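Novice: So the sequence lines, in the order shown, correspond to chains A and B.
Counting in our numbering, the first sequence runs from 1 upward without gaps.
Counting in our numbering, the second sequence runs from 1001 upward without gaps.
One structure is given below, represented as structure tokens, and several questions about it will come after.
Number of protein chains: 2
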Amino acid sequence: MVKGFSFSAVEAGVKKPGRLDLGLIFSEKPAAAAGFFTTNAVQAAPVLLSRPKLASGRLQAVIVNSGNANACTGPKGMADAEKMAGLAARGLKIDPGLVAVCSTGVIGRPLPLDRITAAAPRLIEELSPDGLGSLARAIMTTDKVPKIATVELDLAGRPAGLVGVAKGSGMIHPMLEPAAQDEARGLPQATMLVFLMTDAPVAPFALREALSDALPASFHSITVDGDTSTNDSLIIMANGAAGGPVIEDFGSPGGSAFYGAVGRVCRDLALQLVADADGGTKVVTLLAKGAGSEMEADMAVMAVALSPLCKTAFFGADPNWGRILVAAGSSGARVETDKVEISFDGVTVFAQGLPADQRTLAAAEEVLKKPAFKVTIDLKAGDFEREFITSDLSLDYVRINSKYPA
Amino acid sequence: MVKGFSFSAVEAGVKKPGRLDLGLIFSEKPAAAAGFFTTNAVQAAPVLLSRPKLASGRLQAVIVNSGNANACTGPKGMADAEKMAGLAARGLKIDPGLVAVCSTGVIGRPLPLDRITAAAPRLIEELSPDGLGSLARAIMTTDKVPKIATVELDLAGRPAGLVGVAKGSGMIHPMLEPAAQDEARGLPQATMLVFLMTDAPVAPFALREALSDALPASFHSITVDGDTSTNDSLIIMANGAAGGPVIEDFGSPGGSAFYGAVGRVCRDLALQLVADADGGTKVVTLLAKGAGSEMEADMAVMAVALSPLCKTAFFGADPNWGRILVAAGSSGARVETDKVEISFDGVTVFAQGLPADQRTLAAAEEVLKKPAFKVTIDLKAGDFEREFITSDLSLDYVRINSKYPA
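This is the structure in structure tokens:
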């Protein structure tokens, strides 16, 4: 569905036997590209290697492994990341400067480069336009399901496609900044890996701008555990194989359709990440509205999104508006108890300083048993609002993360 | 051990049958007093009622219940808190203005005042100098053990005592401000209740100052879950029954001994709170040192103290320095991977950009199996440091908080 791209995945032995752990994305022709990377002060070798490549606006391939983050691995880690790029470049007969490298997994262990080297020829052989599903599985760590989103585009009568693939599922709270240093920092934080591929013809500037526009309502509005990874990477490639005039910006013919498609794919993948959060059983959309300022809306919604007491209550389907109020009240936002309204999918459980009656609370409990619901906290202190999407904190979250599975 | 104070506790039926849930502290004579209360924007009725009383610097009694926080209960909640004070005042034949009220438990349910009223006469009858142990049990919610700390004082040859009693054990991240509004706000946040009683003669100013001095290294340096309660209250009373000249400030005869004793009792109780954290199996002392500024030391240590990934690793005795580095690295503090050193009780697991060898990591794992250990994160970026004490995040934390026990 996206012409000119092929994908592959093999079992290299980085993870336990029986699981795909090495993947490749290849564009027949060098593609326009943009990348956003973690703002964590501690950055993995593949991030340090790939960031300047993406800043150039051109890319032809991405080689990616799971099971090992190649983070905090010193000079050897940097050399290993470069060797990974070299393996792909030699196999594909392209410039290593056009190969990005991504890794996700355990921090601080040397990459088993011998196994990756041994697997590289198969990775090249198995490249196929139909390989996206395998690639999506190869980048999984504690993820339970592969994550793919697609949009078909109509660019002034000319069909094109946009596909995205992503992995989570712990250490998720993406805060990304563009590879190019000429743009403002986002808020930042996850190991999230996201790859978007389109055959639409798009200039690097438009790719970066479309991602910038898409981030606030997608990856910058989700959290699993509030921890930001050393390896978060979001890469988009546009190879123009669909033909037609190049989309230079939002105002170009097809620009608004393309920007909209990037927004939809990013939002779709972001929701899939929360749905597959470590141990997660609920996708909880939080809306702080009526805040006295933009920052207060952020503080109030974030305090609830990260509160272990709110998140365990969501897990237990306990309509515990008190914990939500406590979190918002200690966030630093202006909160007046008598004004605040809290509702679950429109069922108002707290208003005018008092909780709803038992029957209403029972209805709210039914809402919280659903796999996805919305919590609205109306501070009635102003006109600012912020949405944030969080997972619940379950027994399985603790089980999964009290011993990281190899 | 503290002359002129008596204590009592009864089963009023606020909690489930079979558990003490109503307590009383009484000083034979009106005492000098000081109080610090939650900085949450949402404040429970007993906090709103007691704060101005403590600002006056005088108090004679505290009536306290567990099982119901009397928070978010509207005008009826305020009236109920006043009635609680009145019950104690009438029974004790003292001015209601000298009676503070504290509550802890479920938020948003009306206080069962009829049961408290029915139990009040027994509460007065059972007052005894030996009742502190019962009182300590009566204020427990999800606490597993009562928490008491005592110091014997030698005030220029004159013996005096200081005793403290406290309860946790969830929604713990105390951030308190003094009842008097003429002092700076602390950082602020728990339902923590702490009562300190001394028979030393101390002026209200010195009480407030001694608590202010004690807070940074005690209640303001601990967290369980990062959530700050609507009900946090810290009250100290000094009735002077030990005799001697009044301690007006640190420089007064006996001042330094008294301030030191307050510091020790607060630190002792704060550590007991973390040791009895909801589901907690470890007391983890975190030290961020070598930070580039005071704020960066705070940010780095707090990021680790609140990180679900670090806290689940502590639970699993996993010496996962990577998660610690990730949390510090995304905290906003200046962190250079090649400079940071991370150690567990002196066993250095990460330095010069690389992890220690397997044998050292195995030694670190043994450290993490202990019930208490210290994690040092040396950023080597400056001269600032901050200690913070946190619990681990266990399966039982989730079990306890996914359904709040009545």
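Heads up, the beta-carbon is just placed ideally off N, CA and C, and yes, glycines get one too.
Just so it is clear, the structure is predicted and the values come from calculations on it, not from any experiment.
Just the C-alpha distance for isoleucine 1063(B) and lysine 1144(B), rounded to the nearest angstrom, thanks.
Specialist: Taking the second sequence and counting its residues from 1, the one referred to as residue 1063(B) is at position 63. Taking the second sequence and counting its residues from 1, the one referred to as residue 1144(B) is at position 144. Whole-angstrom Cα-Cα distance: 22 Å.
Novice: Using 8 Å as the threshold, is the segment 1331-1345 of chain B in touch with the segment 1366-1374 of chain B, meaning 3 or more CB pairs across them?
Specialist: The answer is yes - the segment 1366-1374 of chain B touches the segment 1331-1345 of chain B, with three or more Cβ pairs under 8 Å.
Novice: Is the segment 257-276 of chain A touching the segment 378-391 of chain A, taking contact as three or more C-beta pairs under 8 Å?
Specialist: Segments in contact, yes.
Novice: With a threshold of 6 Å on Cβ separation, who are the neighbours of phenylalanine 314(A) within its own chain once the five nearest residues in sequence on each side are excluded?
Specialist: As a position in the first sequence, residue 314(A) is number 314, starting the count at 1. Taken in chain order, the residues that qualify are Lys282, Val284, Asp392.
Novice: Assuming alanine 1085(B) contacts valine 1099(B) (C-beta within less than 8 Å), just tell me the rounded distance between them.
Specialist: Looking up residue 1085(B) in the second sequence gives position 85. Looking up residue 1099(B) in the second sequence gives position 99. Confirmed, Cβ separation roughly 4 Å.
Novice: Quick check on this structure: which residue in Thr104(A), Arg137(A), Ala288(A) has the alpha carbon closest to the alpha carbon of serine 221(A)?
Specialist: Stepping through the first sequence from its first residue, residue 221(A) is reached at position 221. If we check each option's Cα against that of serine 221(A), Ala288(A) comes out closest.
Novice: Please list, in chain order, all residues of the same chain as proline 146(A) whose beta carbon is under 7 Å from its beta carbon, the five residues on each side excluded.
Specialist: Locating residue 146(A) in the first sequence gives position 146, where the first residue counts as 1. Around proline 146(A): Gly133, Ala136, Arg137, Met140.
Novice: Take aspartate 276(A) and list the residues in its own chain whose beta-carbon comes closer than 8 Å to its own, dropping the five residues that flank it on each side.
Specialist: Within the first sequence, residue 276(A) is the residue found at index 276, counting from 1. Here the set comprises Asp143, Lys144, Val145, Lys147, Gly168, Ser169.
Novice: Glutamine 358(A): buried (16+ other C-beta within 10 angstroms of its C-beta) or exposed?
Specialist: Here residue 358(A) refers to the residue found at position 358 when the first sequence is read from its first residue. Glutamine 358(A) comes out exposed.
Novice: Got a sec? Which residues, its chain only, sit under 7 Å from glycine 1382(B) by beta carbon, not counting five neighbours each side?
Specialist: Stepping through the second sequence from its first residue, residue 1382(B) is reached at position 382. Result list for glycine 1382(B): Gly1290, Ala1291, Gly1292, Ser1293, in chain order.
Novice: Thinking C-beta only, is asparagine 1231(B) closer than 8 Å to proline 1110(B)?
Specialist: Locating residue 1110(B) in the second sequence gives position 110, where the first residue counts as 1. Locating residue 1231(B) in the second sequence gives position 231, where the first residue counts as 1. Result no, Cβ atoms of proline 1110(B) and asparagine 1231(B) do not sit closer than 8 Å.
Novice: Using the C-alpha atoms, what's the distance from proline 1174(B) back to serine 1103(B)?
Specialist: Position 103 of the second sequence holds residue 1103(B). Position 174 of the second sequence holds residue 1174(B). Using only the alpha carbons, I get a separation of about 16 Å.
Novice: Using only the alpha-carbon positions, how far apart do glycine 164(A) and leucine 113(A) sit?
Specialist: Within the first sequence, residue 164(A) is the residue found at index 164, counting from 1. Within the first sequence, residue 113(A) is the residue found at index 113, counting from 1. Going from the Cα of glycine 164(A) to the Cα of leucine 113(A) covers about 27 Å.
Novice: Between which two residues does the alpha helix (DSSP H) containing arginine 268(A) stretch?
Specialist: Position 268 of the first sequence holds residue 268(A). Just to set this straight, residue 268(A) is aspartate in the shown sequence, not arginine. Run containing aspartate 268(A): 255-275, per the alpha helix (DSSP H) assignment.
Novice: Along the chain, which unbroken stretches of the beta strand (DSSP E) at least 3 residues long are found entirely within the segment 1072-1156 of chain B?
Specialist: Within the segment 1072-1156 of chain B, the complete beta strand (DSSP E) runs of at least 3 residues are 1099-1106, 1147-1155.
Novice: In angstroms, rounded to a whole number, what distance separates the CA positions of isoleucine 1324(B) and valine 2(A)?
Specialist: Taking the first residue of the second sequence as 1, we reach residue 1324(B) at position 324. Taking the first residue of the first sequence as 1, we reach residue 2(A) at position 2. Spanning the two alpha carbons is a distance of roughly 41 Å.
Novice: Is isoleucine 1222(B) close to chain A? Criterion is C-beta to C-beta, closer than 8 Å.
Specialist: Walking along the second sequence from the start, residue 1222(B) turns up at place 222. No, isoleucine 1222(B) does not count as interfacial toward chain A.
Novice: Count the other C-beta atoms from every protein chain shown that fall within 10 angstroms of the C-beta of proline 178(A), then say buried if there are 16 or more, exposed otherwise.
Specialist: Numbered from 1 along the first sequence, position 178 holds the residue referred to as residue 178(A). With 16 or more Cβ atoms within 10 Å of its Cβ, proline 178(A) is classed as buried.
Novice: Could you say if the segment 71-87 of chain A and the segment 27-40 of chain A meet the contact criterion of at least three C-beta pairs nearer than 8 Å?
Specialist: Touching, no.
Novice: Could you give the C-beta distance for serine 1394(B) and glycine 1280(B), rounded to a whole number, given that I count them as a contact under 8 Å?
Specialist: By 1-based counting over the second sequence, the position of residue 1394(B) is 394. By 1-based counting over the second sequence, the position of residue 1280(B) is 280. Indeed they touch by this definition, with Cβ atoms about 7 Å apart.
Novice: Would you say leucine 1325(B) faces chain A, with C-beta separation under 8 Å as the test?
Specialist: The residue you call residue 1325(B) lines up with position 325 of the second sequence. Answer yes: the Cβ-Cβ gap between leucine 1325(B) and chain A drops below 8 Å somewhere.
Novice: Might you give, ordered along the chain, the residues of its own chain that have their beta carbon closer than 7 Å to the beta carbon of tyrosine 259(A), omitting 5 neighbours on each side?
Specialist: Counted from its first residue, the first sequence places residue 259(A) at position 259. These residues qualify, in order along the chain: Ala210, Asp213, Phe250.
Novice: Skipping 5 residues on each side, what residues in its chain have a beta carbon closer than 8 Å to that of cysteine 310(A)?
Specialist: For the purposes of this step, residue 310(A) is taken as residue 310 along the first sequence, with counting starting at 1. Within the same chain, cysteine 310(A) has close Cβ partners Val304, Asn320, Arg323, Ile324, Ala327.
Novice: Can you look up isoleucine 1172(B) in the DSSP assignment and give me helix, strand or coil?
Specialist: Along the second sequence, one-based indexing puts residue 1172(B) at 172. Correct three-state label for isoleucine 1172(B): coil.
Novice: Where does serine 1027(B) sit, in a helix, a strand or coil, going by DSSP?
Specialist: Working through the second sequence from its first residue, we reach residue 1027(B) at position 27. Three-state DSSP puts serine 1027(B) in a strand.
Novice: With 8 Å as the threshold, decide whether the Cβ of leucine 1111(B) is near any Cβ in chain A.
Specialist: The residue labelled residue 1111(B) in the question sits at position 111 within the second sequence. Chain A, which has no Cβ nearer than 8 Å to the Cβ of leucine 1111(B), makes this no.
Novice: With 8 Å as the threshold, decide whether the Cβ of methionine 171(A) is near any Cβ in chain B.
Specialist: On the first sequence, position 171 is the one that residue 171(A) refers to. Yes, contact with chain B.
Novice: Between glycine 1260(B) and the ligand FAD, is the CB less than 7 Å from at least one heavy atom?
Specialist: By its list of ligands, the structure shown contains no ligand whatsoever, and the ligand FAD lies outside what it can speak to.
Novice: Determine the chain A residues that contact phenylalanine 1315(B) at a beta-carbon separation under 9 Å, and present them in chain order.
Specialist: Counting from 1 along the second sequence, the entry for residue 1315(B) is found at position 315. Ordered by position in chain A, the residues that pass the 9 Å Cβ test against phenylalanine 1315(B) are Val398, Asn401, Ser402.
Novice: Aspartate 1199(B) and glycine 1254(B) look like a contact to me (Cβ under 8 Å); what is the Cβ gap, rounded to whole Å?
Specialist: One-based indexing of the second sequence puts residue 1199(B) at position 199. One-based indexing of the second sequence puts residue 1254(B) at position 254. So it is not a contact: roughly 12 Å between Cβ atoms.
Novice: In the DSSP assignment, find the alpha helix (DSSP H) that holds phenylalanine 315(A) and state where it starts and stops.
Specialist: For the purposes of this step, residue 315(A) is taken as residue 315 along the first sequence, with counting starting at 1. Note, phenylalanine 315(A): alpha helix (DSSP H), 308-315.
Novice: Give me the Cα-Cα distance between serine 27(A) and isoleucine 94(A), rounded to the nearest whole angstrom.
Specialist: In the first sequence, residue 27(A) corresponds to position 27, counting from 1. In the first sequence, residue 94(A) corresponds to position 94, counting from 1. About 11 Å.
Novice: In chain B, what lies closer than 9 Å to isoleucine 107(A) by C-beta?
Specialist: Along the first sequence, one-based indexing puts residue 107(A) at 107. By Cβ distance, chain B contributes Asn1320, Trp1321, Gly1322, Arg1323, Leu1325, Val1326, Pro1355.
Novice: Hey, quick one: how far does the alpha helix (DSSP H) through valine 1398(B) stretch, first residue to last?
Specialist: Residue mapping note: residue 1398(B) aligns to position 398 of the second sequence, counting from 1. Counting along the chain, the alpha helix (DSSP H) containing valine 1398(B) begins and ends at 1395-1402.
Novice: Where cysteine 72(A) and leucine 1379(B) are concerned, what is the direct C-alpha to C-alpha distance, given to the nearest angstrom?
Specialist: Within the first sequence, the letter at position 72 stands for residue 72(A). Within the second sequence, the letter at position 379 stands for residue 1379(B). Approximately 15 Å between the Cα atoms of the pair.
Novice: Do you know whose CA, among Ala1055(B), Met1299(B), Gly1067(B), lies nearest isoleucine 1116(B)'s CA?
Specialist: Mapped onto the second sequence, residue 1116(B) falls at position 116. Measuring from the Cα of isoleucine 1116(B), the nearest candidate turns out to be Gly1067(B).
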